[in-house]
Ligand SMILES: C[S@@+](CC[C@H](N)C(=O)[O-])C[C@H]1O[C@@H](n2cnc3c(N)ncnc32)[C@H](O)[C@@H]1O
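Numbering (the UniProt record's numbering), first residue to last: 1 to 282.
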């Protein structure tokens with residue numbers, strides 16, 4: 001097949017179905033018909049880079065051996081939606097803030113937080129900044145420590161998150177005081193200050209392999225804009241597994257509308273229409 005530089009080959013029904021199955025089986029992500037052109041674009045750009053002109057042949061390559069696995073890992077960065085921003089959901093973060101203030105009044109032990117599907121780190125660092133702001137106002141005789149883990153399946157996202165370096169335009173919506181306090185200049189961009197980066201750790205974790213994660217006994221689990229790409233039954237499985245990793249009294253924060261008809265006997269919904277969160281009963 002001869003393909004011109006700008007034209008992508010047709011994605012047949014059979015090839016679309018094949019890729020849909022693999023992506024759902026390996027990542028849990030559902031690619032309905034309306035996302036067919038998105039998939040076609042992602043695949044064809046990558047195929048052109050590595051010299052394939054047929055979706056099924058490329059699929060065969062991806063499915064086989066170590067080279068296929070390396071290629072699959074490249075592809076993950078293309079087919080996952082990485083969109084994110086600092087302080088993306090103010091209502092959900094306000095719930096986390098209330099939780100932290102109450103938690104520190106009764107218990108000053110170290111805080112552990114998990115940002116699930118952290119992409120390039122903006123969500124993780126927003127939570128870190130929020131925690132540091134709360135700690136700065138909290139009157140305490142001792143130093144209260146915290147640790148935050150960001151997990152994602154995308155290696156590219158995790159690398160960017162670990163560096164914590166962002167273009168100035170990514171910080172435009174942030175309060176100037178927070179930018180001055182939590183970022184330093186590096187060339188033409190800004191980097192999260194080392195003391196805050198040192199509190200964060202970024203780890204690769206596929207949500208389909210959640211059961212293998214050692215993360216447990218968390219005060220805050222924050223999972224937003226990830227589950228929307230999964231089937232409803234899978235969302236429930238994932239959220240139940242996340243809830244089981246909460247400390248008694250801990251909070252699970254989800255994206256509004258990302259899960260319905262789900263509850264667990266030891267969780268209580270936090271009242272409020274603008275954010276979705278649950279507290280684990282003690
Ligand atoms: C739209 S971003 C959301 C980022 C951030 N949570 C936010 O709300 O701004 C979705 C993230 O989920 C990640 N993701 C998708 N499928 C995943 C899976 N099976 N396991 C872990 N992370 C996954 C993607 O790589 C991407 O970084």
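In this text, a Cβ means the ideal position worked out from N, Cα and C, and glycines have one as well. The model shown is predicted, which means the values in this text are computed figures rather than measured ones.
When the Cα atoms are used, residue 250 and residue 96 turn out to be separated by approximately 10 Å. In the DSSP assignment, residue 248 falls within the beta strand (DSSP E) that extends over 246 to 254. Under a 10 Å Cβ-count criterion, residue 25 is classified as exposed, with fewer than 16 other Cβ atoms of the shown protein chains found around its own Cβ.
Residue environment analysis places residue 45 among the exposed positions, since fewer than 16 neighbouring C-beta atoms fall within 10 angstroms of its C-beta. Under DSSP, residue 23 forms no beta bridge with any residue. Around the beta carbon of residue 38, fewer than 16 other beta carbons lie within 10 angstroms, which makes this residue exposed. In this structure, residue 66 lies away from residue 9, with their beta-carbon atoms at least 7 Å apart. Judged by DSSP secondary structure, residue 42 falls within the alpha helix (DSSP H) whose first and last residues are 36 to 50. Straight-line spacing of the CA atoms in residue 117 and residue 237 works out to 16 Å. DSSP lists 113, 200 as the bridge partner or partners of residue 148. The same chain holds no residue with a CB closer than 8 Å to that of residue 32 once the five nearest residues on each side in sequence are set aside. Distance from the C-beta of residue 88 to the nearest heavy atom of ligand 1 is below 6 Å.
Measuring C-alpha to C-alpha distances from residue 29 to each of 207, 148, 49, 201 identifies 207 as the nearest. Taking C-beta atoms under 8 Å as the contact rule, residue 266 and residue 103 fail to qualify, at a distance of about 17 Å.
Going by C-alpha positions, residue 280 is about 29 Å away from residue 154. A direct Cα-Cα distance of roughly 11 Å separates residue 48 from residue 55. Bridge partners of residue 223 according to DSSP: 116, 254.
Counting every other CB atom within 10 Å of its CB across the protein chains shown gives residue 114 a total of 16 or more, marking it as buried. For residue 99, the uninterrupted alpha helix (DSSP H) segment begins and ends at 90 to 106.
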